[in-house]
Ligand SMILES: C[S@@+](CC[C@H](N)C(=O)[O-])C[C@H]1O[C@@H](n2cnc3c(N)ncnc32)[C@H](O)[C@@H]1O
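Residue numbers (the working numbering): 77 to 203.
Encoded structure:
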């Protein structure tokens with residue numbers, strides 16, 4: 077079984093530098109654009125505005141670190157620095173047209189690679 081990943085698109089946000097990224101997602105943040113590669117566009121069938129989606133993205137500039145001390149361990153935190161630097165966010169779709177999804181308030185650098193999208197199992201305050 078191969079363990080390689082393929083990116084399916086990319087995320088555009090207002091953030092060019094890590095220092096400008098918000099610490100985490102925020103429902104009232106700026107609009108962000110998720111562009112799916114054209115070859116995967118048909119995979120969006122069945123999603124519509126207002127649906128909550130789980131977005132998985134690759135935090136390429138993170139350190140592949142593992143926290144062995146401190147009050148909380150890596151897996152009790154949302155730190156980008158982890159053995160597999162996968163970012164996750166549950167957000168509602170603001171707009172969906174063709175291969176582009178608009179959402180609000182992502183926390184990643186512009187150009188961040190997209191790994192996957194799934195319909196979210198969403199409960200208020202329990203992502
Ligand atoms: C705390 S992580 C949370 C990511 C995701 N919302 C999660 O919970 O898995 C968000 C931080 O990752 C960092 N970050 C954003 N984009 C990144 C990238 N492309 N590579 C490495 N770090 C990134 C920024 O410091 C940002 O504040």
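For every residue, glycine included, the Cβ atom is placed at its ideal position computed from N, Cα and C. Just so we're clear, the structure is a prediction, and the values are computed from it rather than from any experiment.
Check                                                                                                           : Outcome
Distance cut-off 7 angstroms: residue 108 Cβ against heavy atoms of ligand 1                                    : no
7 angstroms CB neighbourhood of residue 189 in its chain, flanking five on each side removed                    : 83, 86, 133, 134 and 136
Three or more C-beta pairs below 8 angstroms linking the segment 176-183 and the segment 101-119                : yes
Beta-carbon spacing of residue 106, residue 180 below 8 angstroms                                               : yes
Length of the line joining the Cα atoms of residue 196 and residue 165                                          : 9 angstroms
Integer Cβ distance of residue 170 from residue 125, believed to fall under 8 angstroms                         : 7 angstroms
Sequence-distant residues of its chain with Cβ nearer than 7 angstroms to residue 149 (five each side left out) : 143
Whole-angstrom C-beta distance between residue 131 and residue 183, which should lie under 8 angstroms          : Not a contact, Cβ separation roughly 11 angstroms.
Which of helix, strand or coil DSSP assigns to residue 190                                                      : strand
Between the CA atoms of residue 147 and residue 81 - distance to the nearest angstrom                           : 32 angstroms
Buried versus exposed call for residue 167 [16 or more other C-beta atoms within 10 Å across all chains shown]  : buried
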